[in-house]
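Chemist: Protein sequence lines correspond, in order, to chains A and B.
When we follow the numbering used here, the leftmost residue of the first sequence carries the number 4, and every step to the right adds one.
When we follow the numbering used here, the leftmost residue of the second sequence carries the number 4, and every step to the right adds one.
Positions of the beta carbon are idealized from the N, C-alpha and C atoms, including for glycine.
All values derive from a computational prediction rather than experimental measurement.
Take this structure first; my questions come after.
There are 2 protein chains.
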Amino acid sequence: MTKQQQIIRRLLEQSETHPTAEELYWEAKKEMPNISMGTVYRNLGQMAEEGSIVRLHFPGQPDHYDKTIHPHDHAICVKCGAISDVELSSLKSMIEDTLSVDILSYELNIQCVCNACQSKAS
Amino acid sequence: MTKQQQIIRRLLEQSETHPTAEELYWEAKKEMPNISMGTVYRNLGQMAEEGSIVRLHFPGQPDHYDKTIHPHDHAICVKCGAISDVELSSLKSMIEDTLSVDILSYELNIQCVCNACQSKAS
DNA sequence: ACAGAAATGAGAATCATTCCTAAAGAGGTG
DNA sequence: CACCTCTTTAGGAATGATTCTCATTTCTGT
């Protein structure tokens, strides 16, 4: 495991949000000024592939990465862009009960107005 | 409504799959050889925005378009790429019951091995 | 210390999608 | 029909996230 990998992994682990590759890149750059975007993308890609992190896809914006690999879903606020974790515990079994196919994975993304923005807007 | 719009709309309506913009473009080109990609994208984008069609997002591939606007979800086969409609009728209310926020929309995409590919693989 | 394997940095390449602009088209009015 | 205005189009350039390439650097095992 290289120094770059350690930094990327630690930064994601420490993050309370669901950062993009670019956000992690700028953070990493503070510790290792000549780290490259390619390295950040490559490592995040590998970690996602091996399952030690999760890659999140939201329409019209760059992918985000999630340190939490325990199955859960996400809601994104259309006003502030904040992404929050959502627990829909029975969803997986509900899908499996409904469909008669092998489910490999699924991604549920909810567009909402978060509580903070909801209060402000009033 | 222009001729281009009519063609795009009709082709999507006739389609049994969930075509991409490019697939619709090549189909449209058979009827109107100098229609442009920009026109296809622009019209699909407008229709999706006004809600008369639905835009589907799958990781790592171009967006697909769905003529069916009735709320439903999608499963994509990781072997053949086929996209099928899935009815999970109680999902919306389940999400709304669980979260205490205004849900504007959501997208659930399931990765699976479809029945056809499952049979073949045995 | 040294050979071979793996990872990096820098930047080029890719590819879906959007944007730009001059030209063409549609609609309304007299 | 002729004129004007607003909208849409075709074609191509621009964008932006991501991946790829490859020469160089770093790691690993002996």
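Would you list the one or two residues that DSSP bridges to A:Leu59?
Modeler: A:His67.
Chemist: Any C-beta of chain A within less than 9 Å: which residues of the segment 57-74 of chain B qualify?
Modeler: Flagged, chain order: Arg58, His60, Phe61, Pro62, Gly63, Asp66.
Chemist: Below 9 Å on C-beta distance, what does A:Val24 contact in chain B?
Modeler: Before going on, a small fix: residue 24 of chain A reads as Ala here, not Val. Correct list: empty, because the minimum Cβ distance to chain B is about 14 Å.
Chemist: In terms of residue numbering, what span does the alpha helix (DSSP H) encompassing A:Cys120 cover?
Modeler: It spans 118-124 - the alpha helix (DSSP H) in which A:Cys120 sits, taken as one unbroken run.
Chemist: Could you give the distance in angstroms between the alpha-carbon of A:Thr71 and the alpha-carbon of A:His21?
Modeler: Taking the straight line joining both Cα atoms gives about 10 Å.
Chemist: Would the segment 30-50 of chain A and the segment 6-15 of chain A be scored as touching if the rule is three or more Cβ pairs under 8 Å?
Modeler: As far as the Cβ criterion goes, the segment 30-50 of chain A touches the segment 6-15 of chain A, which means the pair count is three or higher.
Chemist: Could you check the C-alpha separation between B:Ile98 and B:Leu111 for me, to the nearest Å?
Modeler: Approximately 12 Å, taken between the alpha carbons.
Chemist: Check whether the segment 79-88 of chain A touches the segment 83-101 of chain B, taking contact to mean three or more Cβ pairs, one atom from each stretch, closer than 8 Å.
Modeler: Counting Cβ pairs under 8 Å, fewer than three are found: no touch.
Chemist: In or out: A:Asp100 buried (at least 16 other Cβ within 10 Å) or exposed?
Modeler: Looking at its Cβ environment, which holds fewer than 16 other Cβ atoms inside 10 Å, A:Asp100 is exposed.
Chemist: Could you give the distance in angstroms between the alpha-carbon of A:Thr42 and the alpha-carbon of A:Gly48?
Modeler: Distance between the alpha carbons of A:Thr42 and A:Gly48 is about 10 Å.
Chemist: From what residue to what residue does the beta strand (DSSP E) around A:Ser184 run?
Modeler: What is shown of chain A runs 4 to 125, which leaves residue 184 of chain A out entirely.
Chemist: Going along the chain, which residues of the segment 79-96 of chain A sit with their C-beta nearer than 8 Å to a C-beta in chain B?
Modeler: Flagged, chain order: Val81, Val89, Glu90, Leu91, Ser93, Leu94.
Chemist: How long is the line joining the alpha carbons of A:Glu25 and B:Gln64, rounded to whole angstroms?
Modeler: Near 21 Å, if we compare the C-alpha coordinates of B:Gln64 and A:Glu25.
Chemist: So which residues of chain B does A:Gln114 contact, with C-beta pairs closer than 7 Å?
Modeler: By Cβ distance, chain B contributes Leu107, Ser108, Tyr109.
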